[in-house]
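Residue numbering for the sequence shown follows this note's numbering, starting at 58 and increasing by one per position.
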Amino acid sequence: MKKAAFITGGASGMGLAVAKALSARENEDWDLHLVDLNEIAGKQAVSYLKEAHFHKTDVTDYDSLIAAFEAAFSISKRLDFVYANAGIVERDNFYEKHDLSKPPPRPNQLTVDINLKSVIDTSYIARHYFRKNPNDENNMNTVPALVMTSSCGGLYPSEFCPMYSASKAGVIHFNRSIAYSYRLDGIRTYAMAPGTIKTNLMNGDEWASFPEKFFTPIETLVRAVVHIVDGGDLEDSRGKKVRGEDAYGLTVEVNGEKFYFRDGVDWCDGQMEDMMKFTGMENQLARIEKTKASMKTNGV
Numbered sequence: 058m059k060k061a062a063f064i065t066g067g068a069s070g071m072g073l074a075v076a077k078a079l080s081a082r083e084n085e086d087w088d089l090h091l092v093d094l095n096e097i098a099g100k101q102a103v104s105y106l107k108e109a110h111f112h113k114t115d116v117t118d119y120d121s122l123i124a125a126f127e128a129a130f131s132i133s134k135r136l137d138f139v140y141a142n143a144g145i146v147e148r149d150n151f152y153e154k155h156d157l158s159k160p161p162p163r164p165n166q167l168t169v170d171i172n173l174k175s176v177i178d179t180s181y182i183a184r185h186y187f188r189k190n191p192n193d194e195n196n197m198n199t200v201p202a203l204v205m206t207s208s209c210g211g212l213y214p215s216e217f218c219p220m221y222s223a224s225k226a227g228v229i230h231f232n233r234s235i236a237y238s239y240r241l242d243g244i245r246t247y248a249m250a251p252g253t254i255k256t257n258l259m260n261g262d263e264w265a266s267f268p269e270k271f272f273t274p275i276e277t278l279v280r281a282v283v284h285i286v287d288g289g290d291l292e293d294s295r296g297k298k299v300r301g302e303d304a305y306g307l308t309v310e311v312n313g314e315k316f317y318f319r320d321g322v323d324w325c326d327g328q329m330e331d332m333m334k335f336t337g338m339e340n341q342l343a344r345i346e347k348t349k350a351s352m353k354t355n356g357v
C-alpha cells in the first residue's frame with residue numbers, strides 16, 4: 058500500500074530532508090506532497106524525488122492551505138503523515154526604540170502567522186482529511202501521524218527573537234492540548250524541538266556567527282521524524298521508553314546526534330493538578346454526555 062505525506066515548508070530545509078528520506082525508502086512507497094510558497098525550489102525538488110507533487114501554497118492563507126489539501130487528497134486518496142513544518146525567524150527588532158511623540162508602529166508578526174497560526178490551521182485541516190482515509194483499522198502501520206515543527210527556542214527563552222520563541226512554545230502546548238482529542242480519531246501528534254540546524258532559515262553570514270559545535274546535523278532530525286512516523290514503541294537517547302499505544306502528544310527535543318522525549322512542567326501542587334485534570338477533555342466529554350442524558354430524561 059502506498060502512503061501519502063503532506064509537508065509544509067517542503068521545498069527546502071527540514072521538510073525537504075524528510076521528503077528525501079521517505080522517497081529513498083526501499084520497503085515503502087510514498088506519495089510526497091511538497092507544500093511551499095517557493096515555486097522554483099518546489100518544482101526543482103519534485104523533479105528528482107519519486108512520486109512527488111508540488112503545491113504552491115501560502116500557509117498563512119486558510120483557503121490556500123485547503124486547496125493544497127484538496128489537491129493532495131485527490132491525487133493520493135489518503136494522507137498518512139502531515140508535517141506542519143513551515144517556519145521563519147523574525148527579522149525585525151522587537152526592542153527597537155520609536156519616536157516617543159507618537160504611538161509605536163504595529164509589530165511585524167509574520168513569524169507568529171507562519172510558525173504558530175499556520176501550524177494550527179494545518180493541524181485542524183489535517184484531522185479532517187485523516188478522517189477521510191479508507192478504513193484500515195486492522196493495520197497499525199496506517200495510524201496517521203501529525204508532526205509539528207517547534208524548536209529548542211520553544212523550550213528555552215530566545216531573547217533575541219521573542220516572537221519566534223513564543224510561537225515555537227505555542228506549538229508545543231498546542232500539540233499537548235490536542236493530543237487526547239486527536240487520539241480519539243486514532244491520530245498520533247508530535248512536536249519536534251530541534252536545536253540549531255543549518256537551513257535557509259538564515260543566510261551564510263548569519264550562520265557563520267554560530268560556533269560549529271552548536272549545530273545539530275539535519276540527519277538527526279530526519280532520523281527522529283521518520284522513527285516517529287513509523288510508529289510502534291519508541292526509545293529516546295536517554296533510554297526513556299514509550300509504548301506505541303502511549304506515543305501521543307510527545308515533545309521531541311533534538312540536539313547534536315541525540316533526541317529526547319520532554320515532559321511538561323511539574324504541577325505546582327496537588328490542587329492545581331486536580332483542577333487541570335478536571336478541565337481535561339476526558340472529564341469535559343463525560344460532563345457533556347451527562348448533561349445530554351439528563352436533558353433527554355427530562356424531555357428537553
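Where a beta carbon is used, it is the ideal one built from N, C-alpha and C, also for glycine.
Since the structure is predicted, the reported quantities are computational estimates derived from the model, not experimental observations.
Note that the stretch 98-106 does not touch the stretch 127-147; fewer than 3 beta-carbon pairs, one per stretch, sit closer than 8 Å. Annotation: the continuous alpha helix (DSSP H) that includes Glu96 extends over 96-105.
Inter-segment contact for the stretch 221-233 and the stretch 161-173 is present: three or more beta-carbon pairs are separated by less than 8 Å. Asn312 and Cys209 do touch by the CB rule: their CB atoms are close to 7 Å apart, below 8 Å. Here the alpha carbons of Asn150 and Asn165 stand approximately 9 Å from one another.
Looking only at Gly327, Gln328, Asp303, the smallest Cα-Cα distance to Phe318 is reached by Asp303.
Comparing alpha-carbon positions, the option among Ala68, Pro161, Ile254, Lys174 lying closest to Gln101 turns out to be Ala68.
Contact between the stretch 335-343 and the stretch 265-281 is not established, with fewer than three Cβ pairs separated by less than 8 Å.
In the structure shown, Arg188 adopts helical secondary structure according to DSSP, grouped into three states. Proximity of the stretch 151-160 to the stretch 74-83 falls short of the contact definition, fewer than three beta-carbon pairs being nearer than 8 Å.
When secondary structure is reduced to three states using DSSP, Thr256 falls in the coil class, being assigned neither helix nor strand.
Approximately 6 Å separates the beta-carbon atoms of Val309 and Ala281; this is inside 8 Å, confirming the contact. In this structure, Asn232 and Gly306 form a Cβ contact; the two beta carbons are roughly 6 Å apart against a cut-off of 8 Å.
Ile345: member of the alpha helix (DSSP H) spanning 338-354, first to last residue.
Membership of Met249 in the beta strand (DSSP E) is indicated by the continuous run 245-251.
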